[in-house]
Structure formats: structure tokens, C-alpha cells
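Chains as they are written, first to last, in my numbering: chain A, 1 to 198; chain B, 1 to 198.
Built from N, CA and C at the ideal position, the CB exists for glycine as well.
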DNA sequence: CTTGTTTTGAACCGATCCATCCAAAACTAT
DNA sequence: ATAGTTTTGGATGGATCGGTTCAAAACAAG
């Protein structure tokens, strides 16, 4: 029927996502995206209709890669709830200290985008809020289960503790991006876990 | 001798700082800076030599406005150490929920800049790291004093707890920028204080 | 008022921005 | 082969980017 593509759309999306992840939306030019994906401008604009759309899809892809497994971990019935939270934090630490292209963490595309765009791009803000709600719900459920099992302190509501853990995760990512070493970030996580134990 | 300026350099710097604070470095154009300061291009380039330099001075100015009083609070001998930390967190909450031009927090220029620039601008990263060290030292000193006084838990080193508090502050700012309401951010702060009490 | 210096606004600069266009190439289905 | 469709690379477009230049304007000092 017609000429087929010589590239894989998902691989291109992943490459674009990494570029946005590393440098943010504004600082990633269409030229950068061409180089990161190995595609020509035409192919990019033919496949993804604009830089903005490509970013939006990158954000969705990132959430799919990160939030989905994190939620799965938080809902794992094989593990005690507090252990799920602990493993979640450990996973965040690992994520910050692997794949450091220039010796510094990429941070988290979600956090990066909240900081860069949430204040002036309502659509991006909406995507981010929705993703955050999903994460908060999973965290809250795990923490509530832990409270009922007596292994997580009950002096605050599960929803509040979930927000707390979520904020600590963001703080760990900022710390890592700011140059903190692994031990420092691990100590932050451990202190947060302390705060959850009775 | 010569024609005097019709504007105040410090006011212009403050206006520029606010522009960078609201939109970040990349997304703030020189035109935006002209409009924010009310100056012409020539006046800006005559006074501050480049956009980059103006940003750097904005960063210094921000640190002067924020870090200096925060450190003063943390060193206030009139207050019990834990109370200093509590007040610091309260001040952060207040900062996030006043001056919200478009109904959303500006966040914190330091956090915003860590996320946007630390990975690819070594000079900015250096300024940020130095400021962070100052804040961490003050936090660590206050927490250490609280531990010796028995009002702050001693199961972790003061330096680790300082990093923890610092990360929570960053997390609160990200949460606020992401749309969290005041009660949610206050709960994060209160939970962090819980983590410090024995 | 003249002289000397600085500020100021507007025009201007090359570079780069995101995006489009188009013709040649590449492939399938007939 | 041929026809039909899509991809592809390169050229191109208008807008905006950060930054410079320059002459007119505005003031202080003599």
C-alpha cells in the first residue's frame, strides 16, 4: 500500500521522553529531539503533531513507566504495608543513582514538570494532578492498611501521611538533583520511614 | 557630571527576580524582563551585562531575601530549637500561600533553579550548593541543640535530620506548586515535626 | 550656555526558535 | 511494471531569541 516507517514509534517516544527528562520542555529544541530520536523533522511532525504534543505523550509515557509499577508495589498483597512504602522509597533512591549521564541525576520528569510548567500550562498541570492523585490514593491505601495492622503510626490520617511521603519523595529527588550523595538521600528516606512507625 | 538614572537598580533587580521566579530562566525572555522592570533593553544591558548575569544576581538577591532571615530564625537564642524548626516550616507554608499571582504558588526560586538548571549550569549549581550548605549548617546546628536539650529525637545524627527537614521543605514547595491546598501542606510540615520529636 | 558624560529608546543584528512545504525516494498492492 | 500512498530529507518561513549599536535626550559641572 504505502511506504512503511523505518523507525519504531515507541522507541522514538522513549528517546524524546529522555531528552525532555534531562533538559526540560523549554530547553529541549526540536533539533535536540531530532538528534535524540535519530529522526528528521518531518518524521517527528508527521508522527507527533507538535513539540507540545510530543511532550504530553512523553509525560504520559513516563507516568506509565513509573507510576504503574509503583502503584503495583504499593498494592502488593505479599508484603506488609510498611515494607511496601520502604521499598518504594528504596526504588526512588535507586532511580536517582542509576543512569546519571553527566554525573547528576535527571530527577523525576513529574517533579521537573510541576516546577517548570504547572504554573502556566493548565493542561500539563491537569495531567500531573491526575497522576499525583493516583499515586496518593495508592499510598493512602497502603498506609491505611498499615495503620489497621498496627505497624504504621495512627496519630495522623492515612491521607495526610500519604501526602507526607509523597512530599518526601519529591524532596529526595530535588536533593539528588542538587548534588546530594546516596547516603544523604537514603538517610532522608529512612527518617521518613521513622516518622511512620509508632 | 552626567545624566542620572531614572530608575532604582534594586527595584529593577527585584522585579527581574520575580519574573524569573514565576517563569524560570528559559521561559523568561529579555522582553519579559523589560516589561517586568519597566526598563528598556539598553538600560537593562547597561546595568546588568546579560540575561545570565541578571539571573545570577536575581538568585543572589533571592538567597539574601530568604536564606538570611531563615538562618536568623534558626539561630534565635530566644526560642527552643524545635520551635525554631517549627516556625521555619510555618514560614515556608505562609510563603507558599501568599502572593499567588495566578492562583498558584511560585514555589521557591532555589528549588525551581535546582530543577531547571543544576544539571547543566555548573555556575548556577555552585551558587545553589553553597546556599544549601548554609541552610543545612544552620538547620543542623539548631537540631543538634535540640537534641542536646532532649526535645529532638537523637536516634539520627543532626546532619541527617537537617537534610530530612530540608528535603521536606522542598517537597512542600513542590506540593504547593502542584496544587495542594494549605491544609495539606501544613499536614506535611506537622508530620515532619512529629518525626523530630522523641 | 557650553561641555562632557551617561542614559535612553528604537532600530537593527545574526542565530535559533517551532513549524511547514515539497519533491524525491521507498514501499505495497494490483 | 505500474499506480498509489506514505515517508523522508532538505529547503524554507515567519517569529522570536539574546544582544549590540547609535543618535538623540537629559542631566551635572564648569
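Please check the pair residue i and residue j, which I expect to be a contact at CB under 8 angstroms, by giving their CB distance rounded to whole angstroms.
i	j	result
residue 161/A	residue 143/A	5 angstroms
residue 173/A	residue 107/A	5 angstroms
residue 109/A	residue 118/A	The pair is not a contact, with the Cβ atoms about 13 angstroms apart (cut-off 8 angstroms).
residue 55/B	residue 20/B	6 angstroms
residue 152/A	residue 159/A	Going by Cβ atoms, the distance from residue 152/A to residue 159/A rounds to 13 angstroms, so no, they are not a contact pair.
When burial is assigned at 16 or more other CB atoms within 10 Å of the CB, is residue i buried or exposed?
i	result
residue 124/B	buried
residue 171/A	buried
residue 132/B	buried
residue 149/B	exposed
residue 64/B	exposed
residue 98/B	exposed
residue 135/A	buried
residue 35/A	exposed
residue 27/A	buried
residue 1/A	exposed
With distances taken Cα to Cα, identify the nearest neighbour of residue i among the options.
i	options	result
residue 282/A	113/B, 12/B, 177/B	Look at the range of chain A in this structure, 1 to 198, and you will see that residue 282/A is not part of it.
residue 14/B	33/B, 3/B, 27/B	33/B
residue 116/A	23/B, 10/B, 8/B	23/B
residue 5/A	164/A, 197/A, 44/A	44/A
residue 184/B	3/B, 120/B, 90/B	90/B
residue 67/B	3/B, 111/B, 180/B, 30/B	111/B
Against residue i, what residues of chain B qualify as contacts under a CB-to-CB distance less than 7 angstroms, listed in chain order?
i	result
residue 51/A	The premise fails here: residue 51/A is roughly 14 angstroms from chain B at the closest Cβ pair, so nothing lies under 7 angstroms.
residue 172/A	167
residue 74/A	Neighbours of residue 74/A on chain B: none; closest Cβ ~18 angstroms, over 7 angstroms.
residue 7/A	Correct list: empty, because the minimum Cβ distance to chain B is about 27 angstroms.
residue 12/A	By Cβ distance, chain B contributes nothing, its closest Cβ being about 23 angstroms from residue 12/A, past 7 angstroms.
residue 132/A	178
Anything in chain A within Cβ reach of residue i, meaning under 8 angstroms, just list it in chain order.
i	result
residue 195/B	191, 192, 194, 195
residue 161/B	191
Compute the distance between the beta-carbons of residue i and residue j, then report whether it is under 9 angstroms.
i	j	result
residue 82/B	residue 197/B	yes
residue 195/A	residue 194/B	yes
residue 141/B	residue 74/B	yes
residue 39/B	residue 12/B	yes
residue 166/A	residue 137/B	no
residue 192/A	residue 163/B	no
residue 139/B	residue 92/B	no
residue 41/B	residue 30/B	yes
Could you work out which residues of chain B lie near residue i, taking near to mean beta carbons separated by less than 8 angstroms?
i	result
residue 124/A	Within chain B, no residue comes near residue 124/A; the closest Cβ sits about 11 angstroms away, beyond 8 angstroms.
residue 111/A	115, 174
residue 102/A	119, 120
residue 156/A	187, 190, 191, 194
Output, in chain order, the set of chain A residues within a Cβ distance shorter than 9 angstroms of residue i.
i	result
residue 22/B	119, 120
residue 64/B	The premise fails here: residue 64/B is roughly 19 angstroms from chain A at the closest Cβ pair, so nothing lies under 9 angstroms.
residue 26/B	24, 25, 26, 27, 116
Cβ of residue i versus every heavy atom of the ligand MN: is any distance shorter than 8 angstroms?
i	result
residue 35/B	Annotation note on the ligand MN: not contained in the displayed structure, which lists no ligands.
Which chain B residues sit within Cβ distance under 9 angstroms of residue i?
i	result
residue 151/A	Ordered by position in chain B, no residue passes the 9 angstroms Cβ test against residue 151/A, which lies about 16 angstroms from the chain.
residue 147/A	Within 9 angstroms Cβ-Cβ: nothing; residue 147/A doesn't reach chain B, min ~14 angstroms.
residue 128/A	178, 179
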